[in-house]
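Protein chains in written order, with our numbering: chain A, 186 to 780; chain B, 186 to 780.
To start, the structure under review is shown below, and the notes come after it.
Structure, rendered in structure tokens:
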């Protein structure tokens, strides 16, 4: 697979875009004319820089609105085109993208388009240039890739073919099965973009909301399968117009972009059983092995954990790391925060083959992470998530591997609190949300639930849970609004009897997040709860939810640094997270949250 | 006119929302149930606080999905409703909003809805509560206000009426003329919201993109005219769900909100010729009187102005203020930047009646600004724009008023550079853009041109020109992307011969913003320019545009502090701003912009 990316996906000037693409590992690039026009460097300099960086210029995009026009307009269009062919010769680019006419088309007769495309191709041939003709979803007369192919076929020039763009095909709901009808040698170029399902006009949708593959709702695996089965042999190129990526760090976006292509190609190879092409298979984790929290001073977190019923599991034999346990829930504390407050620094997952899981993540583009060990310590292959969180994989249960590295714990057996990690709630700045979601899909093999917006006092918080099918591992991702400082993360521990845990913790002096009385009046109105239960909830500052499947009781500790704990109890088959209570929690944290 | 606002329009907790609404001058509020639920304060405390602040609780919104359901579901809905009626009694609220059922409606028969609305009204009557029934644009069976009115009429209860919401009517394209059919005493409540024209599903559009009146594309003046002519006598209430306002400063948003209502009511009164209700009439300015630039050190700006051909117009006789002139263009420099870089600090406009213009702006809600004068100085009534820029009005030409306050200038007659202020380009942070646009409409009587997105190296820049019909005054507003620092502003001076000005300025040693060679290759491709003209443009770093109406030649000085100058020449009836060159300018400023 050769990879390519359009320069419009990235922020900055052309030269820095080229450096970022090369650093990320792309094989080539598509240059949008406006990027060249705004650059100080001459086409010859850009050509030489690409050569040094090992990037091919796969496509140049300088022309719009050429065909299906009156004769005098076409004559001027041909003049424009020749001027751009000159630039392409200086640039060393040999393929031009031509989008179907949007703005100036006046001649609906396909014969006119065929004749003008042919004439343009003949002019291009003088320069050794090929033309990839693409139907835009909002093209005036040509807005379906099958129509573009009909015109190209009729024009019948060796240097005239089609460019397929997943957005233009899938946004219109066109069936990609028709790609099989296109002659393989006429499939000149392929542009890939994902997008969220939106009921929005296709032009605005395309210009502002495209996403990298795996981040939206299009079935790109199916689409790419059709294209590759039809015999396409060119690069897979990303063309993603996105308001966010246009303004975020170019190096980071380029690295993010190539991970999406690698993930997509691997899924497509797996779907088609191209066994020699595949990465290690995705392994949805079987369980959370541990959660690592780091910070300068974690003593108040340790106190809260003990008040909740966690048991001290020992100190690490070679590192200043402490373990706290609640049944199956292992929390590792590392007091070396480098001046930072308490935060979620690492996640361990149990999988069948830890080395393969890490190999896959690295192959997709995650940087390997290092775990300092001494002889006898467990091997936990690891990578860094995009936000810097360490991700560790373990092929065994904790008891069989790293648990023995901890010494001096209170007990070797089950702790007094029988718990398990229910979910982890991680906050991401708005411009890193999609990147984190792609990592969770591609490297962690999690699947996304529907995204929800939760109103908080500082703005809407976008929330998306990514999970395994069985719910054993759930990462709830929160997107912080631009004006807000990053929201805290939290670790939710599931217990059998949240009320009993709350009572014990309260008796031990733990102050929970304070919940307003009005909330309980509202609970009564919504659910008509038993007065005794309502009284217990109110007294203990517990939150409650109920749906057709079951019941959810939960509460929160105050926030320490950038982190807090949640204790949850699921009754019946309740599978949610108490979303209806989230606005109350967000408001309470703002008023009373910090311990 | 009584004014009201829904608490969902604002950020923060309920108590701070109430304080902000009172400070802005609202008469009442609508409380969204979720705001009360999340508040620590009891309903009795909120009631007492509202009483102290002089706010009436005009509406409470705690119920959804009540009518058109099966009998057992309705019984539970009635129980829910009674629990909320209890809360309302504690709150002292007497009107409830009921939206047409979206989620649980199963009975399409209108008889069921009529019967259940009647039963709900009877229950509410026991508590002294009225019900305002509103058709949501995406209601299951009721999504047209005329259907809601039919049900209300048939249910025929004294405490059951309709609530009209401009969004739900206008987003569906329903004709507001039908409002005349509703009995005046059944018009219980009115919610107002504007919105941009979008081809987006109506639910998403409503939940995220509503705007305050005057900031979107709805004809609210016409809508409100229909409602008031039909006999509505309740408050005008804002219900604006907007992702931005949810996260911005609550005091500022409340002040912003009430300005939109005052503007809307005034326009409606003017449309209907309710002469006793109107503010001073809007006065589109006849010209820009002066531009004031402030900063700690303006010497390099002065040098650039002299190199461009501006003439020193003298020092102010009582203040450390200097005047530079180029024909009709007056630039006033004040070197008291309080540690800030050069920035645009004030704008003077010529109008027929300066006092009336200022009176109108103050009545709408702009804070009056103070101009220190001594006896004999001109009277220039002034207000502060939302971003702090001073806005001054002058009933005379400069020559007749303040020009005589400056002494020791180089010349009293016309300057060597014959110029006029063509436009001012002002940058606004993304979350203050709509507020600034409303100020330009309501206080400055400017009208908006179409909004455009310009790709820059740090993201898309949204650009909207607000102008007088004759083009004598044009403010180009730029919205900076969230990750970018604020873009610089600029002052564009129109001259008769931009090439001659550029040559003189170049000879005087002024370095213009450097434009890449590739830009000129692109110009040639686009326009097939005369080689001699192209050579001059290239040599002098001039930008060029052409359309069916005429030609535009322009260039930029380097940025000083937060400001730069543009020199423009308009040939023929060219009415644009060289938008096609803007990406090149933005890229060049990033690379070479700061002097």
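Glycine included, each C-beta is placed from N, C-alpha and C at the ideal position.
Since the structure is predicted, the reported quantities are computational estimates derived from the model, not experimental observations.
Against chain B, the beta carbon of residue 354(A) has no neighbour under 7 angstroms; the closest one sits roughly 20 angstroms away.
For residue 432(A), the chain B residues whose Cβ falls inside 7 angstroms of its Cβ are 643, 644, 666, 668 and 669, in order along the chain. Contacts between residue 704(B) and chain A, judged by CB atoms closer than 7 angstroms, involve 222 in chain order. A residue is called buried once 16 or more other Cβ atoms fall within 10 Å of its Cβ, and residue 585(B), having fewer, is exposed. Between residue 710(A) and chain B, the shortest Cβ-Cβ separation is below 8 angstroms.
The closest CA to that of residue 665(A), considering only 653(A), 681(A), 688(A) and 637(A), is found on 637(A).
Only exposed fits residue 685(B), as fewer than 16 other CB atoms lie within 10 angstroms of its CB. For residue 419(B) against residue 355(B), the beta-carbon gap comes to about 19 angstroms, at or over 8 angstroms, which does not count as contact. Sequence-ordered contacts of the stretch 600-616 of chain B with chain A read 615 and 616 [C-beta pairs closer than 9 angstroms]. The three-state reading of DSSP puts residue 506(B) in strand, counting E and B together. One finds 710, 711 and 713 in chain B with Cβ atoms closer than 9 angstroms to the Cβ of residue 265(A), taken in chain order.
Closest in alpha carbon position to residue 340(B), among 298(B), 364(B), 441(B) and 359(B), is 298(B). Scanning 771(B), 742(B) and 735(B) for the CA closest to the CA of residue 754(B) turns up 735(B). Assignment of residue 186(B) by DSSP, reduced to helix, strand and coil, places it in the coil class. Residue 376(B): member of the beta strand (DSSP E) spanning 372-377, first to last residue.
Beta-bridge annotation (DSSP): residue 528(B) is paired with 479(B). The DSSP-derived three-state label of residue 408(A) is helix. Considering only 351(B), 499(B), 712(B) and 301(B), the residue with the shortest C-alpha distance to residue 263(A) is 712(B). About 4 angstroms separates the CB atoms of residue 467(B) and residue 630(B); that is less than 8 angstroms, so the two are in contact. For residue 273(A), the enclosing alpha helix (DSSP H) covers residues 256-276. Collapsing the DSSP output to three states places residue 247(B) in a strand. Look at residue 360(B) here: in three-state DSSP terms it is coil, with no helix or strand label. Under the Cβ distance rule, residue 328(A) does not count among the residues neighbouring chain B, no pair being separated by less than 8 angstroms.
Under the Cβ distance rule, residue 391(B) does not count among the residues neighbouring chain A, no pair being separated by less than 8 angstroms. Against chain B, the CB of residue 733(A) has no partner CB under 8 angstroms away; the residue lies outside that interface. Taking C-beta atoms as the reference points, residue 673(B) and residue 615(B) fail to come closer than 8 angstroms. For residue 578(B), the beta-bridge partners assigned by DSSP are 534(B). At a cut-off of 8 angstroms between C-beta atoms, residue 385(B) counts as an interface residue with respect to chain A. Contact between the stretch 316-326 of chain A and the stretch 382-396 of chain A is present: 3 or more CB-CB pairs across the two stretches fall below 8 angstroms.
Between residue 759(A) and residue 737(A), the C-beta spacing is below 8 angstroms.
Interface annotation, residue 504(A): not in contact with chain B, CB-CB separation never under 8 angstroms.
Within chain A, the residues placing a beta-carbon under 8 angstroms from that of residue 428(B) are 644, 645 and 666, ordered along the chain.
Judged by DSSP secondary structure, residue 752(B) falls within the beta strand (DSSP E) whose first and last residues are 748-757.
Going by beta carbons, residue 215(B) and residue 243(B) fall inside the 8 angstroms limit. If you check the CB distance, residue 528(A) and residue 479(A) come in under 8 angstroms. Cβ-Cβ distances below 6 angstroms link residue 448(A) to 399, 549 and 627 in the same chain, with the five nearest sequence neighbours on each side left out; the list follows chain order.
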